[in-house]
Amino acid sequence: MYLVRSYLAHVSHGHFWTGTEKPGFTHMHRGQDEDTCRRLIVINLLCPMWRRLLLRGLFPVATPRFPYPRHFPSCPLLTHSRGFAALWTFTLRDTGSFLSRTYKKDAKSTVDLPTSAVTITEIKQYLRSKDVPFHDGFSCLHAPTIFMDAASRAERFSLFVDKTNGQFLCMDTQVAGSWEDLQDCLEVMQAEEREFLSPQVLVDYQESAEEQEQSERDASEVRSIWSASVPFSDLTEDEETLIKTMFQITKISNATLKKFGVRLFKPTKSLVFPWFGGPDSSLKGLKLLSAQSTADGVHYNEATVPRCTFYNNLFGLPLLSRMDASVVLTGRELDTLAVSQATGLASVALPRGVACLPPALLPYLEQFKRVTLWLGGDVRSWEASKIFSRKLGLRRCWLVRPGEFRPCPGEALAQGKNLSRLVATAIPAAHKSIVSFKQLREDVYGEMVNTEQVAGVKWARFPELNRIMKGHRKGELTVFTGPTGSGKTTFISELALDLSMQGVNTLWGSFEINNVRLAKIMLTQFAMQRLEDNLEQYDFWADKFEELPLYFMTFHGQQNIKSVLDTMQHAIYLYDINHVVIDNLQFMMGQESLSVDKFAVQDHIIGAFRKFATNSCCHVTLIIHPRKEDDDRELQMASIFGSAKASQEADNVLILQEKKLVTCPGRRSLQVTKNRFDGDVGVFPLDFIKASLTFSTPVKGKHKLRKVAAKPEENEGDQATPKKDAVKREKAEKQQSKTAKSTRAAKNLATGSE
301 MYLVRSYLAH VSHGHFWTGT EKPGFTHMHR GQDEDTCRRL IVINLLCPMW RRLLLRGLFP
361 VATPRFPYPR HFPSCPLLTH SRGFAALWTF TLRDTGSFLS RTYKKDAKST VDLPTSAVTI
421 TEIKQYLRSK DVPFHDGFSC LHAPTIFMDA ASRAERFSLF VDKTNGQFLC MDTQVAGSWE
481 DLQDCLEVMQ AEEREFLSPQ VLVDYQESAE EQEQSERDAS EVRSIWSASV PFSDLTEDEE
541 TLIKTMFQIT KISNATLKKF GVRLFKPTKS LVFPWFGGPD SSLKGLKLLS AQSTADGVHY
601 NEATVPRCTF YNNLFGLPLL SRMDASVVLT GRELDTLAVS QATGLASVAL PRGVACLPPA
661 LLPYLEQFKR VTLWLGGDVR SWEASKIFSR KLGLRRCWLV RPGEFRPCPG EALAQGKNLS
721 RLVATAIPAA HKSIVSFKQL REDVYGEMVN TEQVAGVKWA RFPELNRIMK GHRKGELTVF
781 TGPTGSGKTT FISELALDLS MQGVNTLWGS FEINNVRLAK IMLTQFAMQR LEDNLEQYDF
841 WADKFEELPL YFMTFHGQQN IKSVLDTMQH AIYLYDINHV VIDNLQFMMG QESLSVDKFA
901 VQDHIIGAFR KFATNSCCHV TLIIHPRKED DDRELQMASI FGSAKASQEA DNVLILQEKK
961 LVTCPGRRSL QVTKNRFDGD VGVFPLDFIK ASLTFSTPVK GKHKLRKVAA KPEENEGDQA
1021 TPKKDAVKRE KAEKQQSKTA KSTRAAKNLA TGSE
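For the sequence shown, this note's numbering assigns the number 301 to the initial residue and increments by one for each residue that follows.
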């Protein structure tokens, strides 16, 4: 139902055509192809319905307009966080305050190193010591379940233990937990000489009262939406044509939609994709897909119940057979429908597309000896395919390389391509240490064709940075520095927040300030206002901010480099982190002995981060304090503290310049002194907005900088300036005296006439 508010917000802000305008193929759709124009018209035909609902007062809800337009592949900002039943009775007061405050602690918002890091060797040794039989799988160890008696479990190996972190899942009972939980269970069984444990032993172990209450609300909302949804077979022919045209599924048959359980939620005209899971294949969640018309075309928004953090669905999983040895992994539910209908192959869709492959889903993919990843037709999907194949096991993964003739499955079906032939052209993910140009030829061509996508994710708040650096790319190391007190942490937090709002999974390691203060800064930047003055809006913005793919390390103060790297690697495996921010380097140098050369320690730390960024295909932003410089001197690349290794190893070097002797706006600027991607460097001014703790680029930055530089000289004064000022003052005084005389004469004349 959050989609209802989203639609109404767009209607109220003029994002759709009004009833007096006539959508057509001319002025509003110039440059669009016929299919896109048809979808735009279909979507806009729905607008009168929204206006009628709004006028009747059925949905008296308003949503504040975002300061910047944002579109995400998985749209985490559009996922709702309030119950379905509450939305029907929810009202907005005249003052704009919310009815009540709700707070729920999210254990996944911070990332900490596991209490005891475990290796695959230790897991195997422990299982052997407890006489637990197992065999090696692709990403998990397979063992008999300990939560069922021997007669019930037969000889199935339904207990899966993750090789990387030791987390386990029992397929028969859905009991899951950490490696420590499994050890405790085995110790209890051995001490009490039991053959098995009750499945209830860990069911309520990890859920608090608040979490259970939230789960009940989610379950109620899922049932309400599902019962209000209708199958496509119950739609009229006109309704079916409108919906299929809107979502580009005109070639998907009703039989395929019925097979996967896809329905239509009429109040928001959204497709409903069910999540069936558990031993009884019960309904556990839903994903709603809606279409939105914008000036750039059609954008599709997703909303999940429960929220995306806890939405671990493999769409299409109940339709798979235990005899299936291969599966096609897609990034969208609509792509899974296309693959299944066109090829007849087993196919499932990831819950969050190319953003993340949760490790909790790996046991469900263990049975397949061949996994074909066809996540999309762009460069970002290609990068995600290579990252996910490492989790799944390179030996069994095959990748469909994106290209002009290999779009995503949904588009390929709409274009009439042979999907079976495209799946057959997949290449193996495993590769040797040495490759030839013949093997790299397609990759080189792909980078030349998709130059914008190769450049990386663009910033929405800093267009000048896009002009110089072209974008944010994976696998790079960025060194950021600036004078003390210039706002390095504030600026880099907004820079990372900008990327996180576009779906870049971000991990923050703040050793200088605590996470509460950092989160407060980022929340203020996200809301673009001082929430201290508008506390009634806190819950609204906090709910939105909570859905961002943003995580924080729990470290504070001086830390050891090994602990930090282990935590980063742990976060990448769990949450598929794409961007890590380390603030700052100096706090990881205090753990070493005083007798060790500090420059050698710094070189070692920088080298470790450089290796981590390359091997993990993750962008690392490293903040380094500069050497002490005079206040009237600008920082250079040589001003970075330590040896030259920092600037040599870095792909990008950013410097936040500040003119401390200037107090007027425009004293700060961002300078890009190194850009390994294409060599472009440059500088642009920044204005700091204290109310929102954000930085913005002036419209006429260069002219403003010249004026700022000239003001101190005017205050100091040279020999020519006072003379010119004196002449101007004399002329002004003479002019004022003449004006005063003429005014007095006019008054006397008027008095005499009276």
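Don't be surprised by glycine CBs; every beta carbon is placed ideally from N, CA and C. Just so we're clear, the structure is a prediction, and the values are computed from it rather than from any experiment.
Inset, instruction - If I'm right that Gly982 touches Ile768 with Cβ under 8 Å, what's the distance once you round it to whole angstroms? - result: 5 Å
Inset, instruction - Could you check what DSSP says for Thr781 in three-state terms: helix, strand or coil? - result: strand
Inset, instruction - Return yes when the Cβ of Leu650 is within less than 7 Å of the Cβ of Asn612, no when it is not. - result: no
Legend entry - the segment 507-518 touching the segment 545-561, judged by at least three CB pairs closer than 8 Å: no
Inset, instruction - Could you tell me the distance, in whole angstroms, from the CA atom of His925 to the CA atom of Phe941? - result: 6 Å
Inset, instruction - Express the C-alpha separation of Gln548 and Leu765 in angstroms, rounding to a whole number. - result: 35 Å
Inset, instruction - May I ask you to report which of helix, strand or coil DSSP gives Lys424? - result: Helix.
Inset, instruction - Verify whether the separation of the beta carbon atoms of Pro606 and Arg563 is less than 7 Å. - result: With contacts defined by Cβ atoms closer than 7 Å, Pro606 and Arg563 do not form a contacting pair.
Inset, instruction - Give the C-beta separation of Ala1075 and Pro433 to the nearest angstrom, bearing in mind that I take them to be a contact with Cβ-Cβ under 8 Å. - result: Residue 1075 lies beyond the residue range present for the chain, which begins at 301 and ends at 1054; the question has no answer from this structure.
Legend entry - Residue of Pro702, Gln837, Thr751 minimising C-alpha distance to Thr630: Pro702
Inset, instruction - Decide if Ile877 is buried, meaning its Cβ has at least 16 other Cβ atoms within 10 Å, or exposed. - result: buried
Legend entry - DSSP three-state assignment for Gly746, whether helix, strand or coil: Gly746 carries a helical assignment under DSSP once its states are collapsed to helix, strand and coil.
Inset, instruction - Would you check if the distance between the CB atom of Gln802 and the CB atom of Val757 is smaller than 7 Å? - result: yes
Inset, instruction - Return yes when the Cβ of Phe496 is within less than 7 Å of the Cβ of Thr473, no when it is not. - result: no
Inset, instruction - Identify every residue that forms a DSSP beta bridge with Ile882. - result: Gly809, Leu922
Inset, instruction - For Pro985, count neighbouring Cβ atoms within 10 angstroms of its own Cβ and tell me buried if that reaches 16, exposed if not. - result: buried
Inset, instruction - Check Pro433 in the structure and name its three-state DSSP category. - result: coil
Legend entry - As assigned by DSSP and simplified to three states, the class of Ile955: Strand, per DSSP.
Inset, instruction - Take the Cβ of Met623 as the centre, count every other Cβ of all protein chains shown within 10 Å, and call the residue buried at 16 or more, exposed below. - result: exposed
Legend entry - Residues bridged to Val671 (per DSSP): Val671 is bridged to Val627, Cys697.
Inset, instruction - Go ahead and pull the three-state DSSP assignment for Asn554. - result: Secondary structure at Asn554: helix, using DSSP grouped into helix, strand and coil.
Inset, instruction - Answer with yes or no whether the minimum CB distance from Pro926 to chain C is below 7 Å. - result: Reference to chain C is not applicable here, since this structure consists of a single protein chain.
Inset, instruction - Just the C-alpha distance for Asn815 and Ala638, rounded to the nearest angstrom, thanks. - result: 44 Å
Legend entry - CB contact flag (Ser916, Ile955, <7 Å): no
Legend entry - Pick from Ala509, Gln948, Val522, Lys566 that is closest to Thr536, judged by C-alpha positions: Lys566
Legend entry - Contiguous beta strand (DSSP E) assignments of at least 3 residues, all confined to the segment 826-870: 850-853
Legend entry - Nearest-angstrom Cα separation, counted from Leu874 out to Thr609: 12 Å
Legend entry - Through-space distance from Ala684 to Ala726, alpha-carbon basis: 15 Å
Legend entry - Helix, strand or coil at Ala730 [DSSP, three-state]: coil
Inset, instruction - Tell me, to the nearest whole angstrom, how far the beta carbon of Thr445 is from that of Leu427; I am working on the premise that it is less than 8 Å. - result: With a Cβ gap of about 13 Å, Thr445 and Leu427 do not count as contacting.
Inset, instruction - Look at the alpha carbon of Val671 and the alpha carbon of Arg721, and state the distance between them as a whole number of angstroms. - result: 16 Å
Inset, instruction - Within its chain, find whatever has a CB closer than 7 Å to the CB of Lys430; leave out the 5 residues flanking it on each side and keep chain order. - result: Leu486, Gln490
Legend entry - C-alpha distance - Glu747 paired with Leu740, whole-angstrom precision: 11 Å
Inset, instruction - Determine, using beta carbons only, whether Phe887 and Phe780 come nearer to each other than 7 Å. - result: no
Inset, instruction - Locate the beta strand (DSSP E) running through Ser458, then write down its first and last residues. - result: Ser458 -> no beta strand (DSSP E), and no H or E assigned at all.
Inset, instruction - Locate the alpha helix (DSSP H) running through Gly710, then write down its first and last residues. - result: Looking at the DSSP string, the run of the alpha helix (DSSP H) that includes Gly710 is 709-714.
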